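Asker: When the letters of the sequence shown are read in order and numbered with full-length UniProt numbering, they come out as residues 1 to 313. Just so you know, even glycine gets a beta-carbon here, dropped at the ideal spot from N, CA and C. Model, not experiment: these values are computed from the prediction. Can you read through this structure? Questions will come right after.
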Amino acid sequence: MGHFYLGKDIRKLIIQKTLLGRHSISQISKECHVSKTFVKDVRRYYKKHGVLENSNKKKARRKSKLQQERIMVKLLLKKSDWYLDELAAKVTKYQQKYLNDKPNNLSVSVSTVCRTLKSLGFFRKKLSRKAKERNEIERISFIMRMKNFSLEQFVFVDETAKDERTPFRSYGYSSSNRRAEIKCPFIRGKRYTIEGTLGINGIIAHCIQEVMDNCSIHKSLRTYEILAAYGVKLIFLPAYSPGLNSIEQCFSYVKGFLHRYHEWVEREYDAYYVLNMAFNLIESVKLKHVLLMRVMHNLLFDSLIYLTNYQNG
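Following this line, the structure appears as structure tokens:
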């Protein structure tokens, strides 16, 4: 707990009660709502110096906490991967540059940065990488184009994969100064590719196929011809924009299932059975609702967010 200053009036009241001689230290402490130690200190100082307090004593100046918070937020919005000492040095430099004060009074420590970040609601997280090559104009154009269709017309198609390493979790617990370790296979083993289609009512169909290597899917004229024969219009996502495909949320549920029950997944010999069970869980009403909300979020709101970010640079 930090120290705070008790005013001259409360000190004066303590001395008045002391001079009357009718109050004990405990009574004065209780009536003035201060500690016994504080009462003793005030009485001792008055007895020694004959005054309530040292009027020439320079009061400690409080740093501009609000200014520090504004600077930190500004820096964090521009760049999120600061080290604490880097951020402390940068905030100190900003304060010395823009505030009229002596440099020594504006030094910001790492502990101050930690406390301020916590109070502002900023926490250290695993970074999500965003491709520099991504074109925001193409993304906005894609989203605006999608608004010409109704939700019933959308069928989202994508693929994901599962191998021996997929079920294992990325985070764990350990004591201080020790690594959190887990034994898991480093060899990929059998690899399964999973194709899925998602509509407004949930998963329409899915296919699981064992593959020998990680083949890429190419755009072919034959694919266009087959789909066109059934009245299907094929639209590809903008480059580096997998988040615009709502089936990605579906695949995250599948992999979350594998992580949750990884011990059973390891023991189960039939990978097709495991993956089919994971997809069957998505057919629940709750997950259908979540996926539908994700579709609506992508198509109705993301364009405003991307447009705002693009205009702000």
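Rounded to whole angstroms, what's the CA-CA distance from Val157 to Gly199? Just pull it up for me.
Answerer: Position 157 of the sequence shown, counting from 1, holds the residue named residue 157. Position 199 of the sequence shown, counting from 1, holds the residue named residue 199. Looking at the two C-alpha atoms, the distance is approximately 9 Å.
Asker: What runs of the alpha helix (DSSP H), each 4 residues or longer, lie entirely inside the UniProt domain "Tc1-like transposase DDE" (211–260)?
Answerer: 221–229 and 247–260
Asker: I want to know whether the stretch 223–241 touches the stretch 125–142 - three or more CB-CB distances under 8 Å.
Answerer: yes
Asker: Please specify which runs of the alpha helix (DSSP H), each continuous and at least 4 residues long, are wholly inside the stretch 30–56, giving them in chain order.
Answerer: Listed in chain order, the complete alpha helix (DSSP H) runs (minimum 4 residues) inside the stretch 30–56 are 36–49.
Asker: Whole angstroms are fine: how far does the CA of Lys79 sit from the CA of Asn245?
Answerer: Along the sequence shown, read from residue 1 onward, the residue named residue 245 stands at position 245. Along the sequence shown, read from residue 1 onward, the residue named residue 79 stands at position 79. Distance between the alpha carbons of Asn245 and Lys79 is about 27 Å.
Asker: Can you confirm whether the stretch 171–181 touches the stretch 143–154 when touching is taken to mean that 3 or more C-beta pairs between the two stretches lie within less than 8 Å?
Answerer: no
Asker: Grab me the residues of Ala271's own chain with a C-beta within less than 6 Å of its C-beta, minus the 5 sequence neighbours each way, in chain order.
Answerer: To locate residue 271, count along the sequence shown from 1; it is residue 271. Contacts found: Tyr192.
Asker: Across which residues does DSSP place Ala161 in a beta bridge pair?
Answerer: Looking up residue 161 in the sequence shown gives position 161. Partner(s): Thr193.
Asker: What is the rounded straight-line gap between the Cα of Phe123 and the Cα of Cys250?
Answerer: To locate residue 123, count along the sequence shown from 1; it is residue 123. To locate residue 250, count along the sequence shown from 1; it is residue 250. Cα to Cα, the separation comes out at about 27 Å.
Asker: Please go through the same chain and pick out, in chain order, the residues whose beta-carbon is closer than 8 Å to the beta-carbon of Leu52, but skip the five residues on each side of it.
Answerer: Counting from one through the sequence shown, the residue named residue 52 turns up at place 52. Closer than 8 Å at Cβ, skipping near neighbours: Lys8, Arg11, Lys12, Ile15, Val42, Tyr45 and Tyr46.
Asker: Just to confirm before moving on: does the CB-CB distance between Leu75 and Lys90 stay below 7 Å?
Answerer: Numbered from 1 along the sequence shown, position 75 holds the residue referred to as residue 75. Numbered from 1 along the sequence shown, position 90 holds the residue referred to as residue 90. Result yes, Cβ atoms of Leu75 and Lys90 sit closer than 7 Å.
Asker: For Lys130, which of Tyr171, Trp264, Gly243 and Val265 has the nearest alpha-carbon?
Answerer: On the sequence shown, position 130 is the one that residue 130 refers to. Checked all of Tyr171, Trp264, Gly243 and Val265; the closest Cα to Lys130 is Gly243.
Asker: Let me know the secondary structure DSSP gives Ile140 once reduced to three states.
Answerer: The residue you call residue 140 lines up with position 140 of the sequence shown. Ile140: helix per DSSP, three-state reduction.
Asker: Quick one: what's got a C-beta closer than 8 Å to Ile247's C-beta in the same chain, skipping five residues either side?
Answerer: Here residue 247 refers to the residue found at position 247 of the sequence shown. Result list for Ile247: Phe156, Val157, Asp158, Gly196, Thr197 and Leu198, in chain order.
Asker: What are the boundary residues of the alpha helix (DSSP H) that includes Lys97?
Answerer: Indexing the sequence shown from 1 puts residue 97 at position 97. Its alpha helix (DSSP H) spans residues Leu84 to Tyr98.
Asker: For Leu127, count neighbouring C-beta atoms within 10 Å of its own C-beta (all shown protein chains included) and say buried if the count is 16 or more, exposed if not.
Answerer: In the sequence shown, residue 127 corresponds to position 127, counting from 1. With fewer than 16 Cβ atoms within 10 Å of its Cβ, Leu127 is classed as exposed.
Asker: Would DSSP call Ser127 helix, strand or coil?
Answerer: In the sequence shown, counting from the first residue as 1, residue 127 sits at position 127. A small fix is needed here, since residue 127 is Leu in this sequence, not Ser. Coil, per DSSP.
Asker: Need the endpoints of the alpha helix (DSSP H) that Gln153 sits in, please.
Answerer: Counting from 1 along the sequence shown, the entry for residue 153 is found at position 153. Neither: Gln153 is in no alpha helix (DSSP H) and is coded neither H nor E.
Asker: When the Cα of His259 is compared with those of Gln27, Ser170, Gln67 and Ser24, which residue comes out closest?
Answerer: Counted from its first residue, the sequence shown places residue 259 at position 259. It is Ser170 whose Cα lies nearest to the Cα of His259.
Asker: Residues in its own chain within less than 8 Å of Cys114 by CB, not counting five upstream and five downstream?
Answerer: Against the sequence shown, residue 114 aligns to sequence position 114. Counting only Cβ-Cβ distances below 8 Å, and skipping sequence neighbours, we find Leu84.
Asker: From the DSSP output, in three-state form, read off Ile10 for me.
Answerer: As a position in the sequence shown, residue 10 is number 10, starting the count at 1. Here Ile10 sits in helix by DSSP.
Asker: Using the three-state DSSP reduction, which class does Ile28 fall into: helix, strand or coil?
Answerer: Mapped onto the sequence shown, residue 28 falls at position 28. Residue state, collapsed to three classes: helix.
Asker: Does Ile200 come out as helix, strand or coil in the three-state DSSP assignment?
Answerer: Here residue 200 refers to the residue found at position 200 when the sequence shown is read from its first residue. Coil, per DSSP.
Asker: Out of curiosity, what's the CA-to-CA distance linking Tyr253 and Lys147?
Answerer: Counted from its first residue, the sequence shown places residue 253 at position 253. Counted from its first residue, the sequence shown places residue 147 at position 147. So the alpha carbons of these two residues sit roughly 26 Å apart.
Asker: With a threshold of 7 Å between beta carbons, is Ile182 in contact with chain C?
Answerer: Looking at the structure shown, chain C is missing, and only one protein chain is on hand.
Asker: What is the DSSP secondary structure of Cys114, counted as helix, strand or coil?
Answerer: Here residue 114 is taken as the residue at index 114 of the sequence shown, counted from 1. In this structure, Cys114 counts as helix in the three-state DSSP scheme.
Asker: Between Ile204 and the rest of its own chain, which residues show a CB-CB distance below 6 Å, the 5 nearest in sequence each way excluded?
Answerer: On the sequence shown, position 204 is the one that residue 204 refers to. Excluding sequence neighbours, Ile204 sits near Thr197.
Asker: State yes or no: is the C-beta of Ala88 within less than 7 Å of the C-beta of Val73?
Answerer: In the sequence shown, counting from the first residue as 1, residue 88 sits at position 88. In the sequence shown, counting from the first residue as 1, residue 73 sits at position 73. No, these two residues do not count as a Cβ contact at 7 Å.
Asker: Please list, in chain order, all residues of the same chain as Ser174 whose beta carbon is under 8 Å from its beta carbon, the five residues on each side excluded.
Answerer: Here residue 174 corresponds to residue number 174 of the sequence shown, with the count starting at 1. So the qualifying residues of the chain are Ala180 and Glu181.
Asker: What number of angstroms, rounded off, separates the C-alpha of Leu234 from the C-alpha of Leu221?
Answerer: As a working note, residue 234 is residue 234 in the sequence shown. As a working note, residue 221 is residue 221 in the sequence shown. Cα-Cα distance, rounded: 11 Å.
Asker: In its own chain, which residues sit with a C-beta less than 6 Å from the C-beta of Val265, not counting the 5 before and 5 after it?
Answerer: By 1-based counting over the sequence shown, the position of residue 265 is 265. Once the five neighbours on either side are set aside, the close Cβ partners of Val265 are Pro167, Leu258 and Val274.
Asker: Just tell me which of Tyr230, Val232, Gly231 and Leu281 has its CA closest to the CA of Lys255.
Answerer: Taking the first residue of the sequence shown as position 1, residue 255 is located at position 255. For the residues Tyr230, Val232, Gly231 and Leu281, the minimum Cα distance to Lys255 belongs to Leu281.
Asker: Taking Cβ positions, are Gln68 and Thr116 nearer each other than 7 Å?
Answerer: For the purposes of this step, residue 68 is taken as residue 68 along the sequence shown, with counting starting at 1. For the purposes of this step, residue 116 is taken as residue 116 along the sequence shown, with counting starting at 1. Taking 7 Å as the Cβ cut-off, Gln68 and Thr116 qualify as a contacting pair.
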